[in-house]
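**Student:** Take a look at the following structure, please.
In our numbering, the protein residues as written are 40 to 274.
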């Protein structure tokens with residue numbers, strides 16, 4: 040009887056150790072996923088340009104202006120956050136503009152497959168920057184920096200799209216689009232909603248004012264678009 044109890048205890052200890060190892064391995068994979076995944080996405084500048092093809096000239100200008108504002112804010116910020124679920128020690132090699140254009144582009148593709156409007160990606164991009172504005176106002180100690188901006192964009196775009204559009208976005212598909220694991224998508228979507236205190240409504244006038252601001256600017260660079268062929272993540 041005593042040997043049986045000892046064997047049971049040993050079995051439980053081994054099970055806990057194996058579970059802990061799996062958790063550490065999953066954490067390490069999650070930490071590396073955005074860097075490695077986005078690295079594969081953004082092999083060259085021409086790839087970044089091709090990611091913008093689903094955005095028309097006006098849409099591309101708006102998304103690029105949103106990205107430019109975020110880039111400016113990130114460059115002005117030199118603080119790190121304690122306990123920030125979105126931060127990583129490894130900064131993805133893709134630019135903020137390249138990543139945001141990719142996310143907006145694929146939101147457009149997803150929505151067009153569902154028979155919706157082709158401006159869904161632009162709307163989600165504008166809403167995401169408004170979410171981040173609200174986040175900084177309600178959490179002045181929270182810094183948007185190079186370590187967390189990509190993950191914030193990934194989660195914010197997903198939340199904004201779910202808030203405004205009908206239809207279901209596959210977690211597996213969005214993970215491939217964003218260059219992260221499915222576990223990372225679920226974790227950061229939940230973290231984003233929590234840090235926003237689930238206050239995800241954007242007033243129509245606030246959105247309209249922001250959209251008007253982001254419509255301004257030079258769109259000369261949109262002439263650089265090249266129309267190559269490339270693989271699409273399937274739904």
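All C-beta atoms in this analysis are idealised placements derived from N, C-alpha and C, irrespective of residue type, glycine included.
Output the distance between the C-alpha atoms of residue 95 and residue 247, rounded to the nearest integer angstrom.
**Tutor:** Cα to Cα, residue 95 sits roughly 19 Å from residue 247.
**Student:** Leaving out the 5 sequence neighbours to the left and right, which residues in its chain are closer than 6 Å to residue 1 when beta-carbon positions are compared?
**Tutor:** With the chain represented from 40 up to 274, any question about residue 1 goes unanswered, as that position is not in the structure.
**Student:** So, with DSSP's three-state summary, where would you put residue 118?
**Tutor:** Residue 118 falls in the coil class under three-state DSSP.
**Student:** By alpha-carbon positions, which one of 142, 112 and 186 ends up nearest to residue 175?
**Tutor:** Comparing Cα positions, the closest option is 112.
**Student:** Please report how far the alpha carbon of residue 243 lies from the alpha carbon of residue 221, in whole angstroms.
**Tutor:** Distance between the alpha carbons of residue 243 and residue 221 is about 32 Å.
**Student:** Buried or exposed: which applies to residue 189, given that a residue is buried once 16 or more other Cβ atoms fall within 10 Å of its Cβ?
**Tutor:** By the 10 Å Cβ count, residue 189 comes out buried.
**Student:** When burial is assigned at 16 or more other CB atoms within 10 Å of the CB, is residue 167 buried or exposed?
**Tutor:** Counting Cβ neighbours within 10 Å, residue 167 comes out buried, since at least 16 surround it.
**Student:** Hey, how far is the Cα of residue 234 from the Cα of residue 228?
**Tutor:** So the alpha carbons of these two residues sit roughly 10 Å apart.
**Student:** Quick check: is the beta carbon of residue 158 nearer than 7 Å to any beta carbon in chain B?
**Tutor:** No chain B appears in the structure shown, which is made up of a single protein chain.
**Student:** When you compare the stretch 177–191 with the stretch 119–136, are there three or more beta-carbon pairs, one atom per stretch, that lie closer than 8 Å?
**Tutor:** They touch, by the three-pair rule.
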